[in-house]
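I have placed the structure first, in the form of structure tokens, so that the comments after it can refer back to it.
Protein chains: 2
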Amino acid sequence: MSINHGANLYGLSSKYGFSKDEFMDFSSNINPFGTSNLAKEYVINNIDMVSMYPDPDYINLKKSISNYCKCLAENIVLGSGATELISSFIKTINPSKTLLLSPAYSEYEKELKKINCSITKYFARSEDDFIIEPNELISTINKDNYDLIIICNPSNPTGFTFSKTQIEDILKNTTGFVMIDETYIEFTDTDIYSSTNLVDSHKNLFVIRGTSKFFSTPGIRLGYGLIGNEDIRESINSNLDLWNINTIAASMGEIMFSDKSFISHSVDVILSERDFLINELSTLNGVKVYQSNGNFILCEIKSKKITAKELRENLIPNKIIIRDCASFDGLDEYFFRVCILKPSENRLLLKHLKEIL
Amino acid sequence: MSINHGANLYGLSSKYGFSKDEFMDFSSNINPFGTSNLAKEYVINNIDMVSMYPDPDYINLKKSISNYCKCLAENIVLGSGATELISSFIKTINPSKTLLLSPAYSEYEKELKKINCSITKYFARSEDDFIIEPNELISTINKDNYDLIIICNPSNPTGFTFSKTQIEDILKNTTGFVMIDETYIEFTDTDIYSSTNLVDSHKNLFVIRGTSKFFSTPGIRLGYGLIGNEDIRESINSNLDLWNINTIAASMGEIMFSDKSFISHSVDVILSERDFLINELSTLNGVKVYQSNGNFILCEIKSKKITAKELRENLIPNKIIIRDCASFDGLDEYFFRVCILKPSENRLLLKHLKEIL
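Same order as they appear, the protein sequences are chains R and U.
Residue numbering for the first sequence follows UniProt numbering, beginning at 1 and increasing consecutively.
Residue numbering for the second sequence follows UniProt numbering, beginning at 1 and increasing consecutively.
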């Protein structure tokens, strides 16, 4: 199987002879502080939950998400990771013409191709520092009848982010569906940027969230989607398998969304490290650094002294893995992405980058 | 959502005011000894695995299943519970005409109806004690061209079981696919009854297994299917989501399939309790008890003194839940099913049944 989502640590570990835990993985965008201790302790103290079927209605989990996202519990659908929801939503609305903001996470295009949907890419450009003007986007939308507009907000890999007000403008200017992937939204100010509480009032909005990145739980497979459109929601639910969320994921979810100490500590350190890393990376010779609202930073090797692939391979013996962005449509072989890890790891990354570049 | 798979303890708990853990659940067919302690301890001591993506190739998990089932690792597909595999296999081979051994678990029919497959039911009959003669079945198969034959072995809810030799005879007499659901096979002698090692040599066989029942892990959602037909296997895999098995399930699986002490203890106690319960239930007034190779026993209230539904409701205040089998096509409102719990619980069940019947 070919994997294109950050590092496959299992494969790298067997190839390079390091244990998985030794790698500093700057490529997978996962919060380096691990997950909520409250949630982990609950699992440890209640491990026998593995012997019980999950609640088929996931009532407590949905209550917890509803509080966290400030939207109605009835508007929530649950997925085994955000991936299952992307796939399920696209299959359900079965669009014939989609506008895909690009560069973008590869799963959207993969799912659109499965249903033979025509795809128009709306590119953020490096010469604009990957900033998208909402009015330009809206005039493109108005020119054509798209059934679906896909926006990753903050954008992975560029880091650009629309405000909630701008998203509302976009919603008002289309009769199609707008799917917003908010996988990285918690690394920025959700009051300004998150669209979750718009789902109760906008029937053409679907907001997707995952817990893999901010809550550092890619292992449990817990994603959630928010949608006020009852017909579409019921249709998605009818296509999902019964018990698609395991009991560990359901219990951890109930707890971690309200673990304020975990949330504030993660945000505080990562935002301050983001400022630090953006500044320091900008001092590297021949490297352009793009602003980001996510927990990752897109960089371009303007000097063309080395490709991103070569840079990545040069770093691996130091147990550092970065993301070569050549596979993103709209970027080239000189773009790489790093995420924000712990302060000491970020400093090690900078040290080795300085040596190579 | 309407659930028809044993008890929804969450719903019953909120309806009757008992905590979920207080119920003796004789309806869900789960091994009452919980799961492998080795597997649970591993999770407790390595809880940080939740912060790591699963191995997309699940190499160690497949090795462990391969040893356990005595078949090639390359012939394994993994599902988020057996349910995902039933659904995925049926969608993939897309049969137009299926022979469904009945009465049967409701999921097969549900999935067949989704693809508008014509269904012929081959009923085991109470007057034959639900025993199926392989030669009669084979002559039915020979009369018509079925794309698919579905057999649950041991049969849920009747408890009847084909031997591996009989399954091999069936395989040789059809050009269609044979899907064998071996969810309950570990409660009987797998050397005699299991078909897992036939998959390496028979291209029209798909064996499905789950870990929910024998390994008492419905909460982790781990199922696996065995199929030697490469084209079908690749097609199933391409429809499954990336990372469909969470890291807890993958790690527990690696360990529990080789936990010989858990396996032998479960088999020893449950088989001896099965004999005991079959004998004791047979002494109840007006109740017919059917032989079983599973961890459950089908009973019929011949006296018609009370329906299975009424019996179930009468037992709930004693915190006992049994399965009313009226919803199984081919059974009527006087059939109920009980599974084998711990010795003390089985005796409590008998005590209350004796009072009511």
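A virtual CB, placed ideally from N, CA and C, is assigned to each residue, including glycine.
Counting C-beta pairs with one atom in each stretch, the stretch 123 to 140 of chain U and the stretch 165 to 181 of chain U have three or more that are closer than 8 Å, which means they touch. By DSSP's assignment, R:Y224 forms a beta bridge with R:L78, R:R209.
At a cut-off of 9 Å between beta carbons, R:T92 makes no contact with chain U. Per DSSP, the continuous beta strand (DSSP E) segment holding U:S118 begins and ends at 118 to 123.
Against chain R, a Cβ distance below 7 Å from U:V43 picks out I47. The beta carbon of R:L331 is closer than 6 Å to those of P103, C325 in its chain, skipping five residues each way along the sequence.
By the neighbour-count definition (other C-beta atoms within 10 Å, threshold 16), U:E313 is an exposed residue.
Counting only Cβ-Cβ distances below 8 Å, R:M24 has no contacts in chain U at all, with the closest Cβ about 14 Å away. Here U:P317 is exposed. Its C-beta has fewer than 16 other C-beta atoms within 10 Å.
One alpha carbon belongs to R:N204, the other to R:K70, and they sit about 18 Å apart.
Closest in alpha carbon position to U:S88, among U:K97, U:T98, U:I115, U:V267, is U:I115. Below 8 Å, enough C-beta pairs join the stretch 287 to 294 of chain U and the stretch 145 to 162 of chain U to call them touching: three or more.
A direct Cα-Cα distance of roughly 16 Å separates U:M49 from U:D57. The stretch 265 to 277 of chain U makes no contact with the stretch 74 to 91 of chain U; the number of CB pairs closer than 8 Å stays below 3.
If you draw a straight line from the Cα of U:H352 to the Cα of U:T196, it comes to about 40 Å. U:M24 is not a Cβ neighbour of U:I86, given a cutoff of 9 Å. Using a Cβ-Cβ distance cut-off of 8 Å, the stretch 235 to 249 of chain R and the stretch 217 to 226 of chain U are in contact, since at least three pairs of beta carbons, one from each stretch, lie closer than that value. Within the same chain, and ignoring the five residues on either side of R:Y68 in sequence, the residues whose Cβ sits closer than 8 Å to its Cβ are F257, S258.
Under the three-state reduction of DSSP, R:D259 is assigned to coil, being neither helix nor strand.
Counting along the chain, R:L12 sits inside the alpha helix (DSSP H) bounded by residues 9 to 16.
The Cβ atoms of R:F214 and R:Y193 lie no closer than 9 Å to each other. Look at the stretch 100 to 115 of chain R: it has no residue with a C-beta under 7 Å from a C-beta of chain U.
Note that the C-beta distance between U:S96 and U:D129 is not below 9 Å. In the assembly as shown, R:N94 is an exposed residue. Its beta-carbon has fewer than 16 other beta-carbons within 10 Å.
The beta carbon of R:N31 lies closer than 8 Å to those of K213, F214, F215, S216, S266, I270, N295 in the same chain, with the five residues before and after it left out.
Cβ neighbours of U:D200 within its own chain (closer than 6 Å, five residues either side excluded): C71, L72, G228.
With a cutoff of 9 Å on beta-carbon distance, U:S64 and U:I255 are scored as near each other. If you check the CB distance, U:L311 and U:F328 do not come in under 9 Å. Taking 9 Å as the CB threshold, U:G17 stays off the interface with chain R.
About 5 Å separates the Cβ atoms of U:E84 and R:D241, confirming a contact at the 8 Å cut-off. Not flagged as an interface residue toward chain R: U:S258, since no C-beta distance is shorter than 9 Å. A Cβ of chain R is located within less than 9 Å of the beta carbon of U:N244.
Residue-level contact check: U:L9 touches chain R, since one or more beta carbons of chain R fall below 9 Å from its beta carbon. Inter-residue distance for U:S126 and U:C299 is about 10 Å (C-alpha atoms, whole angstroms). The Cβ atoms of U:G286 and U:L350 lie no closer than 9 Å to each other.
Residue range 164 to 172 is occupied by the alpha helix (DSSP H) that includes R:I167.
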